[in-house]
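First the structure, in the form of structure tokens, and then the observations on it.
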Amino acid sequence: MKDSRNLTIFTIPSTLSFLLYFLFNVSEVFAAPTKHLCRSDQRDAILEFKNEFQSMDQVSYFDSYPPKTDSWEKDSDCCYWDGITCDEKSGDIIEVDLSFSSLSGQLSSKSSLFRLQHLHFVTKINLSNNDFVGPIPSSLGNFSSLTTLDVSRNHFSGKIPSWIGNLSHLTSLDFSHNSLVGEIPSSLAYLSNLTSINLSYNDFDGKLPSSIENLSSLAIFRLSRNNFFGELPPSIGNLLHLTNLSLDRNNFSGKISSSLGNLSHLTSIDFHNNNFDGEIPFSFGNLSHLTSLVLSVNNFVGAIPSSLGSLNKLSILNVKSNKLSGSLPDALVNMKKLSKLSLSNNQLIGTIPSSFFTIPSLDTITLDNNQLNGTLEFGNISSSSKLIVLRLGNNHFIGPISKSLSKLARLKELDLSNLNTQVSVDFSFLLHLKSLRKLYLPNLNTTSTINLNVILSKLKSLETLDLSGNHVLVTNKSSDSYGPWLSEIYLSGCSITEFPKILRTQDQMTTLDVSNNKIKGQVPGWLWSLANLQYVNLSNNTFIGFGRSTNLGLSSVPESYMKQLFGSNNSFTGKIPSFICELSYLTTLDLANNKLSGSIPHCMGNIQVLNLRHNRLSGVIPEDVFDSLILLDVGHNQLEGKLPRSLVRVSFLEVLNVESNRINDTFPSWLSSLQELHILVLRSNAFHGPIQQIKFATLRIIDISDNQFNGTLPPSFFVNLLAMFSLAKNEDQSTRETTLMSHKNYMSTDHYYFYSMVLMNKGIEMQLERVLNIFTAIDFSRNKFEGEIPRSIGLLKELYVLNLSNNAFSGHIPSSMANMIKLESLDVSQNNISGEIPQELGNLSNLARMNFSHNRLVGLVPGGTQFLTQNCSSFEDNLGLFGPSLEKVCLEKTSQESKMTEPKEEEEVINWKAAAIGSIPGIVFGLTMGYILVSYKPEWLMNPFGQNKSKSISSTH
């Protein structure tokens with residue numbers, strides 16, 4: 001204790017002495033005049049640079065990032081300013097980081113930033129995440145010591161400047177997220193020290209230069225979301241330090257070189273959404289460090305290489321939406337770190353090894369939309385499984401649903417669509433999947449009933465539920481809320497007889513489909529109180545009217561976001577309900593095939609798709625109402641008057657169908673100014689007068705049959721139907737995504753609404769549920785046209801259907817028709833045509849159906865397979881025709897009639913439809929066309945030629 005006290009006495013004066021010494025020296029430091037490290041000329045230059053630009057007024061993206069220039073004050077040391085770094089000895093600025101500084105305007109080469117002395121000392125410039133516009137300034141090329149240049153996330157435009165090759169010390173270059181165009185300059189290959197290039201999210205194009213191999217130090221190479229095309233140069237396999245290769249969402253094509261298997265340091269490959277083809281290189285199995293392989297949405301063929309099973313570090317394997325075939329390689333089970341396996345939308349066959357479901361790290365398996373078969377065996381699946389997403393729908397699986405699925409307690413998404421169970425199903429396994437958010441169980445081919453009330457009362461996390469095509473029990477004894485806040489529910493074709501009251505409290509619901517049921521009576525008024533509803537499908541029931549909300553009508557609802565309302569094929573009566581006018585966001589309204597009467601309301605300004613066909617509407621089509629129309633179908637009503645001239649201002653109109661009304665007008669040549677008009681149907685009205693010329697460059701289908709048009713058609717009549725000259729070229733020029741889109745080559749307005757076509761011949765119906773976007777047709781039948789068929793008809797090389805029957809055409813059949821190489825159906829019957837059938841027509845290999853009957857034709861009937869397959873009736877009442885082809889078809893008819901009785905009309909229709917299934921796009925005669933509603937998910941899409949689920953346009957020729 002005594003020693004301790006002595007130590008304390010000694011320590012106190014020592015500590016006091018140190019404190020006094022420290023305070024004395026600190027006071028000297030603070031008393032000394034301030035010495036700035038920053039050079040004054042450089043400080044003044046960057047201060048002037050700050051004042052050159054105005055801060056953006058509204059940029060919420062930067063709200064959490066105060067501009068770095070806020071700290072820049074004239075009397076302070078610029079080396080301590082945000083974004084500025086100086087050399088500790090010389091005081092020269094060596095780094096300028098102005099990212100997230102809300103700078104807006106054009107960065108000129110004369111900017112004060114480029115007047116900095118000793119530019120060669122600057123090694124880093126970061127101008128990312130601002131709002132700079134215009135070209136990249138050439139003065140940036142003067143920073144000869146730059147190692148990092150980042151101008152990403154601005155609005156720079158123009159090309160990559162050639163001076164980029166002068167920055168020989170550059171190691172990182174980021175031009176991503178701008179509006180730059182052009183090809184990669186050859187000078188870029190001079191930057192041998194580059195380790196990272198990011199040119200993603202621009203509008204670059206051209207091929208990838210083979211000189212890219214000169215970038216021998218490159219580790220990160222990102223070209224995502226551009227327009228690059230062509231094959232990948234094999235020399236890319238020489239970039240041996242590459243770790244990340246992202247080429248997704250471009251137009252690259254061709255086969256992938258096996259040389260990529262040499263890039264042993266690769267950890268990530270992303271080729272998503274290109275046009276690559278050929279097989280996936282077996283050499284990919286050499287990429288031992290690979291953690292992510294994304295090859296989705298391409299045209300790869302062949303089997304999945306078994307060599308991929310050796311990639312024991314792979315976490316993501318995504319090859320969905322290709323044309324891969326063969327069975328699943330057993331070797332994939334060896335990938336113990338695999339977390340996401342996406343193989344959907346291919347042509348894979350065989351069974352799924354049960355061991356797939358036991359890979360311990362897997363959280364996502366998507367194998368939907370293939371041709372896999374057999375029974376679903378999940379093996380010794382563990383309750384500790386990490387599976388979150390399991391999508392196996394739309395394959396050829398058969399047999400029961402395994403109860404072992406109940407062990408997947410973490411599962412959030414389950415898709416077993418179109419599983420052919422063939423047996424009764426115990427759905428109690430679902431009640432153990434408490435975490436389920438998305439459940440797809442349509443069309444299970446089971447006699448078992450699914451209790452909707454039980455499902456909703458137990459699965460309280462559900463957001464999306466699809467039970468379409470099953471037997472669903474709905475109990476309407478109570479309307480209490482059952483817990484889950486559904487966003488989407490699909491109950492199409494579930495034999496439901498009452499509207500499910502259980503849904504009335506689903507305030508978050510955006511999508512409701514109760515189509516193809518047996519629901520009758522009024523649509524409940526409470527439905528319109530669900531303010532978040534955007535899509536409602538009531539089609540194919542027996543509703544008779546629309547109930548109003550008990551809360552004083554729609555006006556009491558804060559705002560309705562309803563965008564698409566489908567109520568076709570019901571028994572709605574009375575006028576079009578007035579509440580439609582209160583749906584200010586409504587873009588699609590389909591009330592076709594009902595018993596609605598009255599006039600068309602004058603409140604349709606925002607509607608893009610309006611289908612009111614097959615009702616009892618009267619009056620005129622209103623003027624100055626349809627501002628946003630893409631499709632207008634009012635066929636089969638009692639409308640009269642003239643076509644509203646205001647339609648000429650509806651610039652996005654693509655489909656106009658007014659068939660089977662009482663419209664009395666001349667041909668609407670004034671519609672030719674509509675650059676998007678693809679389909680024009682005027683059939684069965686009182687249109688009249690001559691047609692001098694048609695100038696519809698984008699028309700694919702025109703039907704003016706069964707009217708009172710007359711006069712002659714000039715020789716050049718068809719020269720302006722450019723879309724029928726070369727449809728493919730015309731399609732390539734259309735880049736709009738907001739209107740008529742190509743959905744896997746079919747015509748539609750969006751994911752929900754597709755067009756169908758009904759094709760008739762002598763009362764025999766042939767229906768295409770979806771219309772190929774290459775389909776073209778002309779029907780001028782049942783009018784009073786006379787004179788010769790215009791020679792310009794031969795220009796229509798992309799035409800599939802031509803019907804000129806029941807007119808008064810005379811003269812000869814133009815030999816130019818031999819140029820119509822896509823023609824599948826030709827009808828010139830019931831005219832006054834004379835002369836011979838051109839022999840060249842025998843070379844039209846696609847001409848499957850033809851009719852030359854009831855004319856004054858003479859001479860030799862052309863040979864060729866197509867003429868030999870026609871009915872004798874196709875040539876009757878042309879007494880001057882002769883030849884082996886005619887003798888053969890008429891002899892066969894006589895022989896068949898002596899052996900067979902005439903089939904029933906119903907059987908004949910079915911046989912015609914079966915024949916049409918094999919046609920591409922269809923064996924057609926006479927034109928009628930229509931539209932169909934199809935729900936995007938799932939594909940409870942009807943049979944390819946079903947009768948009961950389409951909204952069709954029909955007539956009899």
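full-length UniProt numbering applies: residue 1 is where the sequence shown begins, and numbers increase by one. By construction, the Cβ of each residue, glycine as well, lies at the ideal position given by its N, Cα and C atoms. Every value quoted in this text rests on a predicted model; they were computed, and no experiment measured them.
Would residue i and residue j be called neighbours here (beta carbons separated by less than 8 Å)?
i, j, result
"Val-425", "Leu-452", "no"
"Phe-53", "Ser-104", "yes"
"Pro-862", "Ile-837", "yes"
"Leu-596", "Arg-616", "yes"
"Ser-716", "Pro-790", "yes"
"Ile-704", "Leu-674", "no"
"Lys-255", "Asp-270", "no"
"Leu-586", "Ile-600", "no"
"Ile-352", "Leu-324", "no"
"Leu-170", "Leu-146", "yes"
"Ser-404", "Pro-442", "no"
"Asn-318", "Asn-298", "no"
"Phe-252", "Phe-229", "yes"
"Leu-246", "Arg-222", "Before going further, note that residue 246 is Ser rather than Leu in the sequence given. A contact, by the Cβ cut-off of 8 Å."
"Asn-819", "Lys-797", "yes"
"Asp-205", "Asn-227", "yes"
"Met-509", "Leu-491", "no"
"Ile-621", "Leu-643", "yes"
"Gly-261", "Phe-284", "yes"
"Ser-179", "Asp-150", "no"
Between which residues of its own chain and residue i is the CB-CB distance below 7 Å, once the five residues before and five after are set aside?
i, result
"Lys-904", "For Lys-904, the predicted structure reports a pLDDT of 44, less than 50, and the residue's modelled location is therefore unreliable. A value from the coordinates is still provided. Excluding residues within five positions, none has a Cβ falling inside 7 Å."
"Ser-108", "Pro-137"
"Ile-212", "Ala-189, Pro-233, Ser-235, Ile-236"
Can you tell me whether residue i is buried or exposed, with buried defined as 16 or more other CB within 10 angstroms of its CB?
i, result
"Gly-302", "exposed"
"Leu-439", "buried"
"Arg-649", "exposed"
"Asp-75", "exposed"
"Pro-690", "exposed"
"His-678", "buried"
"Lys-110", "exposed"
"Asn-664", "exposed"
"Gly-158", "exposed"
"Pro-577", "buried"
"Ala-409", "exposed"
"residue 959", "Any answer about residue 959 is impossible in this case: the structure gives the chain only from 1 up to 957."
"Asn-312", "exposed"
"Arg-662", "exposed"
"Pro-66", "exposed"
"residue 981", "For residue 981 there is no data in the structure shown, the boundaries of the chain being 1 and 957."
List the whole-angstrom C-beta distance separating residue i from residue j, where the pair is believed to meet the contact cut-off of C-beta under 8 Å.
i, j, result
"Ser-101", "Thr-69", "6 Å"
"Ile-46", "Cys-78", "7 Å"
"Leu-215", "Ser-192", "7 Å"
"Gly-835", "Phe-867", "So it is not a contact: roughly 17 Å between Cβ atoms."
"Gly-83", "Arg-39", "That belief does not hold up - the Cβ atoms of Gly-83 and Arg-39 are roughly 17 Å apart, past 8 Å."
"Cys-86", "Leu-127", "In fact, because the Cβ distance is near 19 Å, the residues do not count as touching under 8 Å."
"Leu-338", "Thr-366", "Actually they are not in contact, since the Cβ atoms of Leu-338 and Thr-366 sit about 13 Å apart, beyond 8 Å."
So, for residue i: in the same chain, excluding its five sequence neighbours on each side, which residues have a beta-carbon less than 6 Å away from its beta-carbon?
i, result
"Ser-829", "Ser-805, Asn-851, Ser-853, His-854"
"Leu-565", "Val-536, Leu-589"
"Leu-113", "Phe-49"
"Ser-162", "Pro-185, Ser-187"
"Ser-144", "His-120"
"Ile-316", "Ser-292, Lys-340"
"Gly-545", "Gln-522"
"Val-625", "His-602, Met-604"
"Asn-166", "Gly-141"
"Glu-413", "Val-389, Lys-438"
"Pro-360", "none"
Please return the same chain residues whose Cβ sits closer than 8 Å to the Cβ of residue i, not counting the five positions on each side in sequence.
i, result
"Glu-463", "Arg-437, Lys-438, Pro-484, Trp-485, Leu-486, Ser-487, Glu-488"
Taking three-plus beta-carbon pairs below 8 Å as touching, is the segment 375-382 in contact with the segment 326-333? These segments do not touch.
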